[in-house]
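Residue numbers for the sequence shown follow UniProt numbering, so the first one is 1 and each next one is one higher. All C-beta atoms, glycine included, are put in the ideal place defined by N, C-alpha and C. What you are looking at is a predicted structure, and each value in this text was computed from that prediction instead of being measured.
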Amino acid sequence: MKIAVLPGDGIGTEIVAEAVKVLEVLDLKFEMESALVGGAAYEAHGHPLPEATLKLAKEADAVLFGAVGDWKYDKLDRPLRPEQAILGLRKNLGLFANFRPAICYEQLVGASSLKPELISGLDILIIRELTGDIYFGQPRGRRVATDGHFPGAEEAFDTMRYSRPEVERIAHVAFQAARKRSKRVTSVDKANVLETFQFWKDIVTEVGKEYPDVELDHMYVDNAAMQLVRAPKKFDVVVTGNMFGDILSDEASMLTGSIGMLPSASLNSSNQGLYEPSHGSAPDIAGKGVANPLATILSAAMMLRFSLNQEAAAQRIEAAVQKVLAQGLRTPDIWSEGTTKVGTAQMGDAVVQALK
Ligand code: NAD
Ligand code: IPM
Ligand code: MN
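Listed below in structure tokens is the structure:
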């Protein structure tokens, strides 16, 4: 088994180093090979996703990814920006199904900005479609408007689109995931305004007929954003498009205490996967040794479970994370009165110790 390790930029290198430490101590039989990606690859090779990095990712059984991006690249032509690396990996590897589980560990109920009773025991799963929608829809670009409110003015445009097979396959993923949980799916859309999402809703409804044992409901995305902070425990599986899923999963991360706690798995149809925290490269705290590595460590656990067939090892990591939280260790993002503040490496070391 081979894992491609792509740390990327900013805190990406710091948090992936901790996840690698954790994987190494498990003493399992796999090989890890690292490569540059994002801004780091642009600096070294002039491209955020060099051929060699893409080849390594394609040939690996799984990819462990940190984060990409930095404000200093915001003026580059879009194809050269760091974010194109993660988008390119998702597209090239066909990683259409993104799992973002928002679980509130009991030790962290006080870390969230929400009242403890709202999030205590929270366990929801956001399933985000990852290779379609306005993220990838063509055409897109800039031009001079020939119609609209200001003909003759400069304008920019993107295209929101989904094909039937794209919606069908993500709907199946959601219903199958719900079968292993509380058997409830909420499909989040904007069908009241957007044709793309009326189409989405119709297809999810059709697919749902094949899963009579799973309860399906539909919610508009604006209401879903509100319900997520009003009564988050009412959700079980949430399935939605690429852009709404991006936004709602960041929102849901605060239900777990911090964005530094939300792991993710992005899978293709042969269960090859890319595993990354849901957050970004956090340039505001990069290099300070304070980033929370737990989302990445928990993503490594998801990698063992989904791509490497090592369920027992995945559970060991998750138990070790709970143990260090029970010991009261906290990076600043989850720190609260009465707990011990630690840095990125100390947190990783503590997970390693807990595993031994
Ligand atoms: P971000 O997720 O990087 O950071 C948002 C806030 O959360 C910041 O205050 C940051 O310090 C904090 N934060 C994030 N991760 C944390 C962690 N592990 N521990 C503690 N605090 C953490 O989002 P942003 O600031 O909007 O974006 C920064 C850069 O990251 C941009 O270039 C963006 O495009 C990129 N980005 C990349 C990915 C990815 O690689 N998949 C995801 C999101 C954003
Ligand atoms: C994420 C990020 C990415 C996205 C960006 C960096 C392309 O925000 O993984 O959530 O929007 O998908
Ligand atoms: Mn995001």
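Identity of the residues DSSP links to residue i by a beta bridge
i: residue 157; result: 141
i: residue 403; result: Since the first residue of the chain shown is 1 and the last is 356, residue 403 is not available in this structure.
i: residue 265; result: 99, 275
i: residue 299; result: BP columns for residue 299 are empty, so no partner.
i: residue 6; result: 65
i: residue 214; result: Residue 214 is not bridged to any residue.
i: residue 34; result: 5
DSSP state of residue i mapped onto helix, strand, coil
i: residue 254; result: helix
i: residue 67; result: strand
i: residue 81; result: coil
i: residue 73; result: helix
i: residue 281; result: coil
i: residue 220; result: strand
i: residue 53; result: helix
i: residue 246; result: helix
i: residue 188; result: strand
i: residue 226; result: helix
i: residue 194; result: coil
i: residue 290; result: coil
i: residue 310; result: coil
i: residue 233; result: helix
i: residue 133; result: helix
i: residue 13; result: helix
i: residue 205; result: helix
i: residue 42; result: helix
i: residue 181; result: coil
i: residue 165; result: helix
i: residue 94; result: coil
Residue burial classification, residue i (beta-carbon count within 10 angstroms, cutoff 16)
i: residue 153; result: exposed
i: residue 107; result: buried
i: residue 128; result: buried
i: residue 276; result: buried
i: residue 270; result: exposed
i: residue 90; result: buried
i: residue 46; result: exposed
i: residue 148; result: exposed
i: residue 144; result: exposed
i: residue 66; result: buried
i: residue 98; result: buried
i: residue 142; result: exposed
i: residue 301; result: buried
i: residue 242; result: buried
i: residue 146; result: exposed
i: residue 305; result: buried
8 Å contact criterion, which residue i and residue j should meet: CB distance rounded
i: residue 31; j: residue 2; result: 5 Å
i: residue 236; j: residue 124; result: 6 Å
i: residue 63; j: residue 82; result: Rounded, the Cβ-Cβ distance is 16 Å, inconsistent with contact.
i: residue 86; j: residue 293; result: Their Cβ separation, rounded to whole angstroms, is 19 Å, which puts residue 86 and residue 293 out of contact at 8 Å.
i: residue 50; j: residue 41; result: 5 Å
i: residue 433; j: residue 126; result: Because the chain in this structure spans residues 1 to 356, residue 433 falls outside the shown range and cannot be described.
i: residue 283; j: residue 255; result: In fact, because the Cβ distance is near 25 Å, the residues do not count as touching under 8 Å.
i: residue 166; j: residue 208; result: Going by Cβ atoms, the distance from residue 166 to residue 208 rounds to 16 Å, so no, they are not a contact pair.
is_contact[residue i, chain C] using C-beta, thresh 8 Å
i: residue 113; result: Structure shown: chain C not included; a single protein chain is present.
Practice item. Would you list, in sequence order, the uninterrupted alpha helix (DSSP H) runs of no fewer than 4 residues that lie entirely inside the region 317-352? Key: Whole alpha helix (DSSP H) segments, 4+ residues: zero.
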